[in-house]
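Working notes, beginning with the structure itself.
Numbering (my numbering), first residue to last: -3 to 532.
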C-alpha cells in the first residue's frame, strides 16, 4: 500500500517519510507540531475539534486548552517563517477547534515520484540531465570518499565541467549547481561551506545576473568569514554584492537582511541593526530577520526585546534559537534556566561548535571548569574545532592557571583567525605572561560608537596587556555605555583582576548588574515555553 502525499497549495506533506515542504524547501517540525499539521490536513477543510486533536496529537493524554493553543501558535510560526505568501494556512474556530483553509489533494507516493516529461526533445533533455546528475554526484561522492582530495581540486573539476558547451548552456546544469550549492550551504561546516562557494561560482558562470546565485554566494562568503576563519578580504566582495542586490531589488527583505549581515560581520553593529529593522518592517514574519536582530539586541543589552523576538521564532527547532534564548537568560541572571537551554542546544547539535562553546561558557562562568573543559575536549575529539572553541579552551585554562595550555590554545585560535580583533588581545596578554620581555604583535582595533560592545572589552584586554589601566577602564566604561551586560565575565576572568580595586571598574560592574536585573523583571513577563515540551 502506497503512503499518501498531501498537496495543499505550495505545501507538501509526505506521510510516509513524515516530511513537510513549502515551495520545495523542507520545514523541520518537532513531532507534536508535525502530528498537529497532519491531523488538520487529513481533515481536508473540516473543523478539527480540540477533543480530536487531543486524541490524534497527544494520544488521548490529558492536556489543557493553553497547551493546544501554544502548539497551534508554534506550528503557525514554523510555517509562516518559510512561506513567501503570508496568507494563513489554517484558522481558529472559536470554541470548536481549527480548520485547514486551502484545498487538499492526495497523491500516492508512486505517482508523485513520476513527474511528467515534455516529449519534445526528450532524448536530448534526458541525456543532459542524466549526464549532469551523474557527473556532479560522482564528483561530490569522490571528494567525500577521497581523503586527500582538496576543495581546490573539486573547484578545478567543476571548472572543466562548466567549460563543456553542452553543459554550460543547459538550464539543467544551472539548476543542479544551484540546488547542490544551497544544500551544502545548509550543512554548516567549513568544508561544505567551501563547496557551496565553489558551486555558486560555477552557477554564476552560466547565469551571472541571477539573483538567487548572488544571494547564495554572498551568504556563503559571509559565513566563511564569520564562522569558518575566512579572510576579511572577502568582505570587499560581499560589500559589492549586497549593494548590487539592493540596486536590483531594494524592497526585497532578503536583500536588505543580507546587507545587514554584511555590516554585522564587518563589526558595524549600528548599520547592521538598521538594516535588520528595515527588513523586519518589510517582512514582519521572517524568522531569519528576527533571529539576526535578536542577536544584536542581546549584544546591546536590550534583553527583553531580544527575548520577544526569539519567542516569535520558536517553531522549527534549531540550536541557534535555543542558544540565543540561553544567552538572554544568562545575561539577565536566570542562570539555572539558561543551563537547560544551553544543554538542550548542545544535545540537539553535539557537533555544532557554537552550541559547545555556549555550554562551555555557561560552565566557565559558573566556576565549573572541569565540565567546561570536557565539553570543548569532546568537541575537538570529534575533529570539530574553530577559533572560538580554542579561545574558550584558553579562557578555561587561564582560570585553571594552566597558562601553558592557555597559551597553546589561544595561539591555535590566533593562527586560525589571525585577523580577529577579539582573539589578538588574549594572545597579546598570554604572550606577555609567558615572556614579560617579549612584545607580541597585536592588531589595533578601530573602536567607534558603531563597534560591538564586546570589541571594546577586547580592547580593554589589550590595554591591560600594555599595563595601561586607565585606558582599560575607559574601554570597559564605553562597552557598558554601548550595552555590554556580561558582568559575570568581567568578574570571572583573571585578566581583569588588576582592575578589581579600581572604583570606576567596580561602579561599572554594579551598574551592569542593575541593568540586568531590570531586564530580568521584564523577561519574567514573557511566557517562555518549557524546553522539554518544545523538543517533543
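Virtual Cβ for every residue (Gly too), placed ideally from N, Cα, C.
Fair warning: this is a prediction, and the values are worked out from it, not measured in the lab.
Check	Outcome
Rounded distance between the beta-carbons of residue 306 and residue 295, thought under 8 Å	Not a contact, Cβ separation roughly 14 Å.
Residue 247 in three-state terms, based on DSSP	coil
Euclidean distance between Cα positions of residue 259 and residue 475	19 Å
Enclosing beta strand (DSSP E) for residue 228 [first to last residue]	Residue 228 -> no beta strand (DSSP E), and no H or E assigned at all.
Per-residue burial, residue 520 [other beta carbons within 10 Å of its own, 16 or more giving buried]	exposed
Under the three-state DSSP convention, the category residue 0 falls into	strand
Simplified DSSP assignment, three categories, for residue 142	In this predicted model, residue 142 has a pLDDT of only 35, less than 50, meaning its place in the structure is not dependable; the value taken from the coordinates is given anyway. Coil at residue 142, not helix or strand.
Enclosing alpha helix (DSSP H) for residue 265 [first to last residue]	265 to 278
For residue 418, the three-state DSSP class (helix, strand or coil)	coil
Range of the contiguous beta strand (DSSP E) that encloses residue 339	Taken as a continuous stretch (DSSP letters only), residue 339 belongs to no beta strand (DSSP E), being part of the alpha helix (DSSP H) at 331 to 344.
Completely contained beta strand (DSSP E) runs for the region 354 to 388, where each covers 3 or more residues	none
Where residue 95 sits in the DSSP three-state scheme	strand
Coil, strand or helix - residue 15 by DSSP	strand
N- and C-terminal bounds of the alpha helix (DSSP H) containing residue 70	61 to 76
Residue(s) in a DSSP beta bridge with residue 233	In the DSSP output, where bridge partners are listed per residue, residue 233 has none listed.
Reference residue 372, options 410, 362, 361 and 388, closest by Cα	388
Assigned secondary structure, residue 481 (DSSP; H/G/I helix, E/B strand, else coil)	coil
Boundaries (first-last residue) of the beta strand (DSSP E) holding residue 30	First-last for residue 30: 27 to 38, but that is the alpha helix (DSSP H), not the beta strand (DSSP E).
Residues of its chain near residue 402, where Cβ-Cβ distance is below 7 Å and the 5 sequence neighbours each way are ignored	390, 393, 394 and 426
Residue 526, buried or exposed, once every other Cβ within 10 Å from all chains shown has been counted against 16	exposed
With 16 other Cβ atoms within 10 Å as the buried cut-off, status of residue 12	exposed
C-beta atoms of residue 385 and residue 341 nearer than 9 Å	no
Pick from 354, 355, 297 and 65 that is closest to residue 480, judged by C-alpha positions	297
Cα-Cα separation, residue 190 to residue 220	8 Å
Sheet register partners of residue 89 (DSSP bridge)	93
Residue 10, DSSP secondary structure in three states	strand
Between the CA atoms of residue 293 and residue 351 - distance to the nearest angstrom	19 Å
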